[in-house]
Amino acid sequence: MTKDKALNIFRLHYGEPTHQVFAPGRANIIGEHTDYNDGFVLPFSIGQGIWFLASANGSSHLDLMAADTGEHSMIPLDGVDHELAFGWERYFVQVLKALGKPLKYGLNMVFCGNLPIGGGVSSSSAITCGFISILNHFYHLDLSGDDMLELAVTAETGTGVRGGIMDQFTIFNGKKGEAILLDCRSCSHEYVELDMKCHHFYLINTHVRHNLVQTDYNSRRGQCEVAKSLISDNYKKIEALRDLDIRDLPDLQEMLDDTLFKRVSFVVQENNRVLRAVKTLKAHDWNVLGEVLYESHDELSNMYEVSCDELDWLVEYTLDNDLFLGARMMGGGFGGCTINLTREKISSDISADIENRYYKQFGIKPEILEINSENGILNSK
Ligand code: GLA
Numbered sequence: 105m106t107k108d109k110a111l112n113i114f115r116l117h118y119g120e121p122t123h124q125v126f127a128p129g130r131a132n133i134i135g136e137h138t139d140y141n142d143g144f145v146l147p148f149s150i151g152q153g154i155w156f157l158a159s160a161n162g163s164s165h166l167d168l169m170a171a172d173t174g175e176h177s178m179i180p181l182d183g184v185d186h187e188l189a190f191g192w193e194r195y196f197v198q199v200l201k202a203l204g205k206p207l208k209y210g211l212n213m214v215f216c217g218n219l220p221i222g223g224g225v226s227s228s229s230a231i232t233c234g235f236i237s238i239l240n241h242f243y244h245l246d247l248s249g250d251d252m253l254e255l256a257v258t259a260e261t262g263t264g265v266r267g268g269i270m271d272q273f274t275i276f277n278g279k280k281g282e283a284i285l286l287d288c289r290s291c292s293h294e295y296v297e298l299d300m301k302c303h304h305f306y307l308i309n310t311h312v313r314h315n316l317v318q319t320d321y322n323s324r325r326g327q328c329e330v331a332k333s334l335i336s337d338n339y340k341k342i343e344a345l346r347d348l349d350i351r352d353l354p355d356l357q358e359m360l361d362d363t364l365f366k367r368v369s370f371v372v373q374e375n376n377r378v379l380r381a382v383k384t385l386k387a388h389d390w391n392v393l394g395e396v397l398y399e400s401h402d403e404l405s406n407m408y409e410v411s412c413d414e415l416d417w418l419v420e421y422t423l424d425n426d427l428f429l430g431a432r433m434m435g436g437g438f439g440g441c442t443i444n445l446t447r448e449k450i451s452s453d454i455s456a457d458i459e460n461r462y463y464k465q466f467g468i469k470p471e472i473l474e475i476n477s478e479n480g481i482l483n484s485k
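Residues in the sequence shown are numbered from 105 upward in steps of one, following the working numbering.
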């Protein structure tokens, strides 16, 4: 849904909004499952996202409406004791809990978006970060960038996913035309220009979500933590898997069981790929960047084991078509989107071919979406 439709809904129910926030989704060129290992990522914020329209009310509730579905919720301001009726409510509740401050008055809010929900483009972080910005504005919280980042990460951990900081950092710090090389240990970062020329990035949404994403994601993080402890106790002291080098891998293969070795090896190689990808971007070497993306997918699928048939199929499709320079699954995995680098725009013939063949294979229609690097979170009147 577009913001204008949400504005009409807001006016119908609450009058005129006094503040608006747009929180974008995030794409990630490369660096998957590295953020919670203190490693490197290379994301950017995209033009698609979630709009929030709000005004103060005299109650002690958040009067909230999801314009896309027409669902309505009244959440008490302390966030406690609220029985969840809709999945999205938990993000608002967890932000209120993480903030843990008494708020003086309630808010009316309408939110809506055009992000593929559950597509691995951070729709959940767009909600938490957008809501935090709204709270910061209305209650003059004076939160710094770091405060907001911490709040957003704490709130999302509260929903049960032990995620890293990539999504929230990107939403708050995205810059049009740039990707962010982020060191997830120190939060130091460098903007890397995306001088795309005739190249394009596309997402292709599988429209599937397999398994309990939360459980599988947390289990990968758990395996990394077990491996880190074993390596620290038996090999060399490390703070996180990020402290390992490719040269450590032969020794670690002897030391770790097969599964843990695959996880560790993936993280080490993926960190390395992020740095290689940055070099290729700076050198405008799009062909090599594409190869790095394919390499990443291969390892996400076979070493980290977070892909699925639908994602693998979409990546394999691109291998036979020289329009595509590279492709890989993006985000946590087990469904969601692939990110694709193309040498020119995807024609309607190729879109139709992907859609038809994918439909034949899986009985689902995929969605193809062009993405560009746009600014991060935006507050306006
Ligand atoms: C999810 C998490 C991120 C990151 C990715 C995988 O999007 O929210 O923190 O771990 O998965 O790279």
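Positions of the beta carbon are idealized from the N, C-alpha and C atoms, including for glycine.
Can you tell me whether residue i sits near the ligand GLA, meaning its C-beta is under 6 Å from at least one heavy atom of the ligand?
i	result
residue 320	no
residue 270	yes
residue 287	no
residue 142	no
residue 137	yes
residue 267	yes
residue 262	no
residue 440	no
residue 435	yes
Residue j and residue i - do their beta-carbons sit closer together than 7 Å?
i	j	result
residue 460	residue 328	no
residue 143	residue 436	no
residue 258	residue 149	no
residue 427	residue 442	no
residue 193	residue 177	yes
residue 146	residue 154	no
residue 204	residue 164	no
residue 266	residue 309	no
residue 255	residue 236	yes
residue 197	residue 169	no
Would residue i be called buried (16 or more neighbouring beta carbons within 10 Å of its own) or exposed?
i	result
residue 230	buried
residue 332	buried
residue 413	exposed
residue 341	exposed
residue 200	buried
residue 464	exposed
residue 126	buried
residue 137	buried
residue 139	buried
residue 107	buried
From residue i to residue j, what distance separates their C-alpha atoms?
i	j	result
residue 473	residue 167	32 Å
residue 121	residue 152	21 Å
residue 370	residue 295	25 Å
residue 285	residue 382	8 Å
residue 243	residue 218	28 Å
residue 409	residue 226	20 Å
residue 251	residue 378	27 Å
residue 468	residue 130	24 Å
residue 245	residue 482	17 Å
residue 202	residue 240	13 Å
Helix, strand or coil for residue i? Go by DSSP, reduced to three states.
i	result
residue 484	strand
residue 180	strand
residue 167	strand
residue 362	helix
residue 394	helix
residue 311	strand
residue 277	helix
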